[in-house]
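Mind the numbering: the sequence shown is residues 7 to 372 in the numbering used here, read in order.
The beta-carbon is built from N, C-alpha and C at its ideal position, and this holds for glycine as well.
Owing to the predicted nature of the structure, the values given are computational and were not obtained by experimental measurement.
Here is the structure we will look at, set down as structure tokens.
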Amino acid sequence: MLVKDVLVEEFIVSNPRSQKAFERAREILPGGNTRSVFNSFPFPLVLESGCGCEVTSLDGKVYTDFSSDFTAALYGHSNPVIYDSLREIFSTGFALGGVVEKEAELGEIIRKRLPSMKKIRFCNSGTEANMYALATALIFTRRKKILVFDRGYHGGTMSFPDKGNPLNLPHDFIIGKFDSVEGTQPLLSADIAAIIVEPLQAAGGVRPASKEFLAFLRKAADELDAILIFDECVTSRLHFNGMQGALGVIPDMTVVGKYMGGGLPFGAFGGREDIMNLYDPYSQGIENTLFHSGTFNGNIFTLNAAIAASKLVTAEALLRLNNLGDRLRGSAHAIMEASGFEDMYFTGHGSEIGVHFRGDDAVTFS
């Protein structure tokens, strides 16, 4: 009997309530959820609660959380600082339907960390922020082509796995080879509007880009008058000033999301003033201004949570976090080498760690 068959059977027997909840969900939700990354066989665990670095399943089992909601739960579950910031809202009201001061406050906080974001717009996810950043670059340059990279992920409608993604937006994408100057150079042309890249590919295998590659893209964008966009939804946690600050390669536009919302829905895009002023009717005139709206852009729940969370993400806290990540990755490598186990290896940078497996999966159980 194969090891995986034994483990699957044990999983089914141990999680009856999760299985029942999954079967109920499938009656109304295709796949039993609305976030495809959670698809797993025979069924996913159904979670009931979380506290600190642990989550509890519907079957009452407590797990140490190494996923951290794919970096969105950086602060741990039910963080008291963020929790208290949300409680404040119930005394002031929510869904006010107007401008609130905390929009500017959060914008100032983000700009202090990521100076490339001279002007900023808020939205509700990293996917949405990437969509707007690219649309802005196309309009600003009056061109159509976008240089992206293999295995890159900029949201569910802009991802480039080896098998392709039929849900991608119908842009004119050119797919380059990530972290390869030689593989990208021949693709450069004067009709490229934007180059968008993750300084470290998260969903694409937790693969860091070299400083040399990012500097090459910076130089290429300058020569082509194209817009260089860094998707730092994940990587902004790897240094107080993002990977752009750590490496000294500054983009024209930056996209953030994930953990910056304090665990609530959040996205933001920003960049050079001349680009972002396309959204400013007071400098451009109403007839020349791009219209960007959204019912929950800058909602008070996310603003409060994000401002509270920013007090936790100090330069010192991030340095400690990323040193711990480097230490964990290095220790895991050492354990694998000492044991002579070659079918498991680790990639990443700082607190971003990718675990990879190779070899024959048909291992027998004994």
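Exercise. Report, in whole angstroms, the separation of the C-beta atoms of G268 and F128, which I expect to be a contact under 8 Å.
Key: Locating residue 268 in the sequence shown gives position 262, where the first residue counts as 1. Locating residue 128 in the sequence shown gives position 122, where the first residue counts as 1. The Cβ separation is near 13 Å, so there is no contact.
Practice problem: Mind checking who S63 pairs with in its DSSP beta bridge? | Solution: Counted from its first residue, the sequence shown places residue 63 at position 57. Paired residues: L53.
Quiz item: Taking the Cβ atom as the reference point for each residue, do A135 and I235 lie within a distance shorter than 8 Å?
Solution: Walking along the sequence shown from the start, residue 135 turns up at place 129. Walking along the sequence shown from the start, residue 235 turns up at place 229. No. Outside cutoff.
Self-check item: 7 Å Cβ shell around F363 - same chain, five flanking residues per side excluded
Solution: Looking up residue 363 in the sequence shown gives position 357. Excluding sequence positions up to five before and after F363, its CB lies within less than 7 Å of the CB of D349, M350, all in the same chain and listed in chain order.
Exercise. Under 8 Å by Cβ, that's how I've got R326 and F352 pegged, so tell me the actual separation to the nearest angstrom.
Key: Here the question's residue 326 lines up with position 320 in the sequence shown. Here the question's residue 352 lines up with position 346 in the sequence shown. The pair is not a contact, with the Cβ atoms about 20 Å apart (cut-off 8 Å).
Self-check item: Residues near D197 in its chain [Cβ-Cβ closer than 8 Å; skip 5 each side]
Solution: As a working note, residue 197 is residue 191 in the sequence shown. Same-chain partners within the cutoff: R149, K150, K151.
Exercise. Give, in chain order, every unbroken run of the beta strand (DSSP E) that is at least 3 residues long and sits entirely within the segment 122 to 151.
Key: Fully enclosed beta strand (DSSP E) runs of 3 or longer: 125 to 129.
Quiz item: Secondary structure at V19, three-state DSSP: helix, strand or coil?
Solution: Stepping through the sequence shown from its first residue, residue 19 is reached at position 13. If DSSP states are grouped into helix, strand and coil, V19 belongs with the helices.
Quiz item: Can you name the residues that DSSP bridges to M266?
Solution: Here residue 266 is taken as the residue at index 260 of the sequence shown, counted from 1. Answer is none; M266 lacks a bridge partner.
Quiz item: R41 to E204, Cα distance in whole Å?
Solution: Position 35 of the sequence shown, counted from the start, is the residue given in the question as residue 41. Position 198 of the sequence shown, counted from the start, is the residue given in the question as residue 204. Put simply, the backbone Cα of R41 is about 22 Å away from that of E204.
Quiz item: Roughly how many whole angstroms lie between the Cα atoms of R157 and P121?
Solution: Stepping through the sequence shown from its first residue, residue 157 is reached at position 151. Stepping through the sequence shown from its first residue, residue 121 is reached at position 115. Cα to Cα, R157 sits roughly 28 Å from P121.
Quiz item: Which of the three DSSP states, helix, strand or coil, is assigned to S372?
Solution: Here residue 372 refers to the residue found at position 366 when the sequence shown is read from its first residue. In this prediction, S372 scores a pLDDT of 36, lower than 50, which makes its location untrustworthy; no coordinate-derived value is stated.
Quiz item: So, using beta-carbon positions, are G273 and G132 closer together than 8 Å?
Solution: Here the question's residue 273 lines up with position 267 in the sequence shown. Here the question's residue 132 lines up with position 126 in the sequence shown. Result yes, Cβ atoms of G273 and G132 sit closer than 8 Å.
Quiz prompt | Reference G356, options R243, A199, L270, I34, closest by Cα | solution = Position 350 of the sequence shown holds residue 356. For the set R243, A199, L270, I34, the Cα lying nearest the Cα of G356 is the one of R243.
Practice problem: Give the DSSP-derived three-state secondary structure of I235 in the structure shown. | Solution: By one-based count along the sequence shown, residue 235 stands at place 229. I235: strand per DSSP, three-state reduction.
Quiz prompt | Host alpha helix (DSSP H) of H339 (start-end) | solution = Residue mapping note: residue 339 aligns to position 333 of the sequence shown, counting from 1. Where H339 is concerned, the enclosing alpha helix (DSSP H) stretches over 321 to 345.
Quiz item: Tell me which same chain residues have a C-beta within less than 7 Å of the C-beta of G113, skipping the five on either side of it?
Solution: Taking the first residue of the sequence shown as 1, we reach residue 113 at position 107. I126.
Quiz item: Roughly how many whole angstroms lie between the Cα atoms of Y285 and I233?
Solution: For the purposes of this step, residue 285 is identified with residue 279 of the sequence shown, where counting begins at 1. For the purposes of this step, residue 233 is identified with residue 227 of the sequence shown, where counting begins at 1. Each residue's alpha carbon lies about 17 Å from the other.
Quiz item: For G263, which option in P48, H160, K118 has the closest C-alpha, if you only look at C-alpha atoms?
Solution: Within the sequence shown, the letter at position 257 stands for residue 263. Cα-wise, what sits closest to G263 is H160.
Quiz item: Which residue comes first and which comes last in the alpha helix (DSSP H) that contains D90?
Solution: Reading the sequence shown from its first residue, position 84 is the one you call residue 90. Start and end: 86 to 93.
Self-check item: For H423, the residue or residues it bridges with in DSSP
Solution: Lying before the first or after the last residue shown, residue 423 is absent from the chain, which here runs from 7 to 372.
Exercise. In the DSSP assignment, find the alpha helix (DSSP H) that holds T308 and state where it starts and stops.
Key: Mapped onto the sequence shown, residue 308 falls at position 302. From DSSP, the alpha helix (DSSP H) with T308 extends over 306 to 316.
Quiz item: Would you call Y265 buried or exposed, if buried means 16 or more other Cβ atoms sit within 10 Å of its Cβ?
Solution: Taking the sequence shown and counting its residues from 1, the one referred to as residue 265 is at position 259. By the 10 Å Cβ count, Y265 comes out buried.
Exercise. Please list, in chain order, all residues of the same chain as P22 whose beta carbon is under 6 Å from its beta carbon, the five residues on each side excluded.
Key: Taking the sequence shown and counting its residues from 1, one reaches residue 22 at position 16. Within the same chain, P22 has no close Cβ partners at all.
Quiz item: In three-state terms, what does DSSP make of S410?
Solution: As displayed, the chain neither begins before 7 nor continues past 372, which places residue 410 out of reach and without an answer.
Exercise. Decide if T260 is buried, meaning its Cβ has at least 16 other Cβ atoms within 10 Å, or exposed.
Key: Indexing the sequence shown from 1 puts residue 260 at position 254. Buried, by the Cβ-count rule.
Self-check item: Burial state of G99, where buried means 16 or more other Cβ atoms lie within 10 Å
Solution: For the purposes of this step, residue 99 is identified with residue 93 of the sequence shown, where counting begins at 1. G99 comes out exposed.
Self-check item: Spatial distance of P48 from I18 (CA atoms)
Solution: In the sequence shown, the residue the question calls residue 48 occupies position 42. In the sequence shown, the residue the question calls residue 18 occupies position 12. Inter-residue distance for P48 and I18 is about 8 Å (C-alpha atoms, whole angstroms).
Quiz item: Does the distance from the C-beta atom of K70 to that of C59 stay below 8 Å?
Solution: To locate residue 70, count along the sequence shown from 1; it is residue 64. To locate residue 59, count along the sequence shown from 1; it is residue 53. Note that residue 70 is Thr in the sequence shown here, rather than Lys. With a cutoff of 8 Å on beta-carbon distance, T70 and C59 are scored as near each other.
Quiz item: Exposed or buried, which one is D4 when buried takes at least 16 other CB atoms within 10 Å?
Solution: Given a span of 7 to 372 for the chain in the structure shown, any question on residue 4 remains unanswerable.
Quiz item: Thinking C-beta only, is V52 closer than 8 Å to S24?
Solution: Taking the first residue of the sequence shown as 1, we reach residue 24 at position 18. Taking the first residue of the sequence shown as 1, we reach residue 52 at position 46. It is a contact, given that the beta carbons lie within the stated cut-off.
Quiz item: Secondary structure at F166, three-state DSSP: helix, strand or coil?
Solution: Reading the sequence shown from its first residue, position 160 is the one you call residue 166. Coil, per DSSP.
Quiz item: Which partner residues of F275 appear in the DSSP bridge assignment?
Solution: The residue labelled residue 275 in the question sits at position 269 within the sequence shown. DSSP, once it has assigned bridges, lists R127, V261 as partnering F275.
Quiz prompt | Cα-Cα separation between F371 and S20, rounded to whole angstroms | solution = Taking the first residue of the sequence shown as position 1, residue 371 is located at position 365. Taking the first residue of the sequence shown as position 1, residue 20 is located at position 14. Any answer about F371 is weak, because its pLDDT of 41 lies below 50 and its placement is not dependable; what the coordinates show is given next. Straight-line Cα distance between these residues: approximately 19 Å.
Quiz item: Just how far apart, CA to CA, sit D366 and T147?
Solution: Position 360 of the sequence shown, counted from the first residue, corresponds to residue 366. Position 141 of the sequence shown, counted from the first residue, corresponds to residue 147. A direct Cα-to-Cα measurement between D366 and T147 gives close to 49 Å.
Quiz prompt | Range of the contiguous beta strand (DSSP E) that encloses V187 | solution = Taking the first residue of the sequence shown as position 1, residue 187 is located at position 181. For V187, there is no enclosing beta strand (DSSP E); the residue is part of the alpha helix (DSSP H) that begins and ends at 187 to 190.
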